[in-house]
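Single-structure report; data block below.
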Amino acid sequence: MTERNAGSRKFRWTPYLFVAPGVLLLGTFFAYPLLDTFWLSLHRYNIFHPPEFIGFDNFRRAFGDELFWRVAANTLLYALIVVPSLVVVSFFLSLLVNHPLRGIRFFRTAYYIPVVTSIVIAGITWKWLYNSDGLINAILEGLGISGPSWMADTTGVPQLLANALGFNFESEWLSEPALALVSVAMVTIWKASPYYMIIYLAGLQGIPPQLEEAARVDGAGWWQVVRNVIIPSIQPYTLVVSIIATIGALRTFGEVYVMTGGGPFHRTNLLAYYIYTLGFRYLEVGYAAAVSLLLLMFILFFAILNFRVAGQDATT
Amino acid sequence: MAHFRQAFSRAGRCVATAGAMTVLIGLGGCGEQSSEKSSEGEIVLEFWTIALGDAFADYIHGMIATYEAEHPDVRIKWVDVSGAEVGEKFIAALVADDPPDVANVYDLPRFLEHGVISNMDQLVPAAEVEKRLPVFWRGVGQYQGANYVIPWYASVNMMWYNRALFRDAGLDPGRPPKTLDEMFAMGQQIRQRTGKYGVSWRLHPNLVAPPWVLLRMEGVWPLFDESRRRTTINSPKALSVFEQWVEAYRDKIVPPESLAASSRDEVNWFIEGRAAMLPFSGGWITRYFDPSFEKKAAVAPQPRGRADVVPATNQVLVVPRASSHPHEATDFALFVTNDKNQLEFCRRVSILPSTKAAAADPYFRQPPQTLADAASRASARDLPNSFVIAPPDVPGWSRLEDILHEEFAKALAGEQTSQQALQRIEDKWNYRLRFQ
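One line per chain: the protein sequences are A and B, in this order.
Quick note on numbering that gives the first Met the number 0: the first sequence kicks off at 0 and runs consecutively.
Quick note on numbering that gives the first Met the number 0: the second sequence kicks off at 0 and runs consecutively.
Next up, the structure:
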């Protein structure tokens with residue numbers, strides 16, 4: 000016992016050596032850039048001239064910047080469309096590929112292709128589909144429906160739905176989200192859902208089969224099994240999916256860059272693209288850093304919200 | 000730049016800024032090694048080109064070998080950069096204080112405004128200036144009275160059109176439009192008779208026909224008064240230009256996607272057969288034509304607006320002020336852009352030279368053998384009527400241009416009238432010019 004105590008007082012390097020690479024990586028690629036972003040956000044800095052300390056002026060400027068709020072609203076709307084859709088679509092996709100059918104591995108792989116497809120290729124392909132004379136509208140035309148200009152139409156989707164249902168009135172309340180924004184969101188959903196499908200699949204395969212069998216013996220149908228057995232069992236996975244999907248949606252960049260350039264008139268402009276514009280086009284690096292930190296705040300807020308809402312049961 | 004050097008450690012600043020901006024959006028990068036001097040006293044100049052790597056490597060290597068043979072104390076390090084990332088790479092290299100010595104870059108206003116590029120009026124001898132065509136020397140690199148670039152290859156805009164769609168619309172493929180008014184009238188007929196779009200055009204990013212170039216073609220120029228503190232854009236002439244394009248958008252003469260497009264979309268729409276006419280520059284786009292489309296495509300001079308002038312694009316070389324060897328770099332840039340080298344380049348691809356002797360070469364009057372040749376000849380014929388697409392040299396032009404795009408786009412989409420758009424542009428521009 001005495002020997003062990005003497006040994007424990009001796010400084011041990013081994014744990015620190017194991018931790019060091021991770022700390023070094025996080026420090027270099029996360030902590031240092033984050034601190035530097037904060038430092039930049041307190042300065043007026045256009046890259047080519049020395050930074051000028053301006054305190055919190057960049058943050059004050061953001062709060063008074065009409066375009067920032069418009070883009071922030073677009074980003075939140077985008078997340079509101081994308082995250083629930085991803086949770087639902089990827090969950091049902093995982094149910095689909097969880098059956099031990101012949102060739103199911105092929106389908107699992109095939110479904111995963113969008114994830115590994117470059118966003119540039121995906122974006123260009125979707126643009127072809129979305130063109131006003133593209134495949135989607137050709138199919139709609141075959142059904143006797145005149146398709147919209149998916150990428151350029153700024154009419155609100157609720158307004159379009161109201162009109163389609165025969166309600167011929169217009170309202171500001173029905174003007175968001177714009178069809179163009181929803182069209183871009185669809186690409187994110189298409190591209191990301193197989194990734195989350197794999198997470199859900201891992202969750203589904205961890206559910207003991209006896210639970211499902213017991214429910215069926217008790218007379219539960221398919222939907223009752225899904226609702227009362229599967230969904231509660233995979234709640235930790237739903238938490239993971241919703242957090243990662245929220246973070247991903249709030250920092251969407253590629254889709255906007257490749258497909259719309261933020262147009263028409265900023266209706267598809269999202270915060271990450273706005274930051275890029277501020278930093279690289281306008282060279283307002285200090286302001287771009289401040290907006291980056293505000294985006295980080297949004298992300299943290301929604302991540303915590305996810306923990307609180309979806310994670311209450313999941314973490315217990 | 001000197002105090003900048005003092006304020007920042009080089010590599011640290013590069014990692015910091017690039018890292019800071021990439022932490023959330025996953026972008027960025029640092030420049031590569033730049034000018035250096037080897038132990039034997041040899042000067043190494045870093046030379047950036049845009050997307051010439053595959054097709055023109057032998058031309059560039061040949062040019063470099065000749066220069067190095069003539070200048071044994073200089074070694075050229077050639078770096079070919081993709082067009083999409085050259086601006087960001089150039090910024091990163093400047094931030095790292097490790098810029099190239101000679102670079103082909105575009106979207107210059109942001110660099111001119113911050114004084115990071117060498118003044119060529121000071122570095123280039125008068126005899127060399129005299130060899131360059133004035134339209135290009137006083138073109139894209141003009142900022143507040145001085146020229147900051149050495150003009151390289153150029154292209155005068157022209158009109159590409161689809162003869163098959165012309166025929167289908169009942170138009171004579173041998174008689175393309177000569178004026179913009181005719182272009183819209185024919186576009187209307189094409190739309191009505193074939194269901195295809197008449198004109199392939201996009202709002203932004205547009206390197207050959209952005210809204211302010213459309214205005215200039217119709218004589219709405221300059222856009223600012225002499226003090227550069229007030230705009231003169233809100234005029235009846237500008238209103239008529241806006242209304243003409245709004246009408247064209249409403250009548251679907253231009254594709255609806257033109258408001259939410261990205262790089263080169265308008266070229267793709269033309270090649271895909273979605274649109275019949277493409278006001279554009281450069282015979283290089285024939286590289287993307289398949290043989291069946293090449294049979295349908297034809298080229299003609301750019302239809303004229305009321306000012307009877309044609310936009311021209313010009314690739315330029317710049318020498319960053321942070322280069323350690325500005326004189327050697329300028330000498331190399333003058334070599335790259337001399338008559339002989341430009342003419343040889345023009346023989347390989349459908350472009351125009353920016354020097355007087357090369358532009359006067361009989362090569363540009365020879366009968367065309369290919370469609371690309373025909374484009375080159377059309378481009379050369381319009382050189383005397385051309386103006387270089389050089390944005391107004393007012394501070395903060397990138398922001399002002401985005402305001403123009405936004406308000407014009409709202410007018411095109413029918414969210415406001417053309418008059419409202421012009422009024423808002425005037426108000427916003429004057430406000431920004433007053434406070435920046």
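For glycine and all other residues, C-beta sits at the position ideal for the given N, C-alpha and C.
Next item on the list: Look up B/Q415 in the DSSP assignment and say whether it is helix, strand or coil.
Entry: coil
Checklist line | B/R433 versus B/E425 - alpha carbon distance | finding: 12 Å
Notebook entry, point to check: Are the C-beta atoms of A/D64 and some chain B residue less than 8 Å apart?
Noted result: no
Next item on the list: Taking only the alpha-carbon atoms, compute the straight-line gap between B/N233 and B/A208 and give it to the nearest angstrom.
Entry: 20 Å
Note to self: For a cutoff of 8 Å on Cβ pairs, would you count A/I46 as touching chain B?
What the structure shows: yes
Next item on the list: Report, in whole angstroms, the separation of the C-beta atoms of B/A274 and B/W283, which I expect to be a contact under 8 Å.
Entry: Rounded, the Cβ-Cβ distance is 19 Å, inconsistent with contact.
Notebook entry, point to check: Can you give the Cα-Cα distance for A/A244 and A/V81, rounded to whole angstroms?
Noted result: 8 Å
Note to self: Just to confirm, is the Cβ distance from A/T259 to A/A179 under 8 Å?
What the structure shows: Closer than 8 Å, so yes.
Note to self: Rounding to the nearest angstrom, what Cα-Cα distance links B/S417 and B/E405 in this structure?
What the structure shows: 12 Å
Notebook entry, point to check: The alpha helix (DSSP H) with B/S385 in it runs from where to where?
Noted result: B/S385 -> not in any alpha helix (DSSP H); beta strand (DSSP E) instead, spanning 385-387.
Margin query: Between A/V257 and chain B, is any beta-carbon pair separated by less than 8 Å?
Written below: yes
Note to self: Taking only three categories from DSSP, how would you classify B/D426?
What the structure shows: helix
Notebook entry, point to check: For B/H326, does the three-state DSSP call read helix, strand or coil?
Noted result: Looking at B/H326 - three-state DSSP - the assignment turns out to be helix.
Margin query: Determine whether the beta carbon atoms of B/S349 and B/A371 lie at a separation below 8 Å.
Written below: Yes. Within cutoff.
Next item on the list: Please compile the residues from chain A whose C-beta is within a distance smaller than 7 Å of the C-beta of B/R398.
Entry: Within chain A, the residues near B/R398 are Y281.
Next item on the list: Sort out for me which residues DSSP pairs B/D360 with in a bridge.
Entry: Answer is none; B/D360 lacks a bridge partner.
Next item on the list: Classify B/M185 as helix, strand or coil using the three-state DSSP reduction.
Entry: helix
Next item on the list: Check whether the region 274-289 of chain A touches the region 192-212 of chain A, counting contact only when three or more Cβ pairs, one atom from each stretch, lie closer than 8 Å.
Entry: no
Check: Taking only runs of the alpha helix (DSSP H) that begin and end inside the region 185-269 of chain A, which ones reach a length of at least 4 residues, in chain order?
Finding: 208-216, 221-224, 234-249, 253-258
Checklist line | Other residues of its chain near A/D78: CB distance less than 8 Å, five sequence neighbours each side excluded | finding: Looking at the sequence shown, residue 78 of chain A is not Asp but Ala. Cβ within range, chain order: T245, A248, L249, F301.
Checklist line | Buried or exposed by the 16-neighbour rule on C-beta atoms within 10 Å, applied to A/E169 | finding: exposed
Next item on the list: Report yes if the C-beta distance between B/G86 and B/V101 is below 8 Å; otherwise report no.
Entry: no
Margin query: Is there a C-beta anywhere in chain A that falls below 8 Å from the one on B/G86?
Written below: yes
Item checked: Inter-residue Cα distance where the pair is B/I24 and B/R286 -> At B/I24 the pLDDT is 41, less than 50, meaning the model places this residue with poor confidence; the figure from the coordinates comes in the next sentence. So the alpha carbons of these two residues sit roughly 34 Å apart.
Checklist line | Contact with chain B by A/H265, beta-carbon distance below 8 Å | finding: yes
Next item on the list: Go ahead and label A/Y15 buried or exposed: buried means 16 or more other beta carbons lie within 10 angstroms of its beta carbon, across all protein chains shown.
Entry: exposed
Note to self: Count Cβ pairs between the region 259-279 of chain A and the region 103-112 of chain A that sit closer than 8 Å; are there 3 or more?
What the structure shows: no
Next item on the list: Give a yes or no on whether 8 Å exceeds the smallest Cβ distance from A/T153 to chain B.
Entry: yes
Check: Within this structure, are the beta carbons of B/L170 and B/M185 separated by less than 8 Å?
Finding: yes
Margin query: Taking the alpha-carbon of B/V155 as reference, which of B/P366, B/V123, B/A311 has the nearest alpha-carbon?
Written below: For the set B/P366, B/V123, B/A311, the Cα lying nearest the Cα of B/V155 is the one of B/A311.
Checklist line | Which residues DSSP lists as bridging A/M150, in chain order | finding: None, per the DSSP bridge assignment.
Checklist line | Residue range of the unbroken alpha helix (DSSP H) whose run includes B/E45 | finding: Counting along the chain, B/E45 falls outside any alpha helix (DSSP H), though it belongs to the beta strand (DSSP E) covering 42-49.
Note to self: Does B/A377 pass the burial test, meaning 16 or more other C-beta atoms within 10 Å, or should it be called exposed?
What the structure shows: buried
Check: Quick one: does B/G30 have its CB under 8 Å from some CB of chain A?
Finding: Only weak support is given to the placement of B/G30: the predicted model assigns it a pLDDT of 35, under 50, and the question is left unresolved by the model.
Item checked: Option nearest A/L66 by Cα separation, candidates A/L277, A/V239, A/R226 -> A/L277
Check: On the three-pair Cβ rule with 8 Å, is the region 106-114 of chain B touching the region 35-48 of chain A?
Finding: yes
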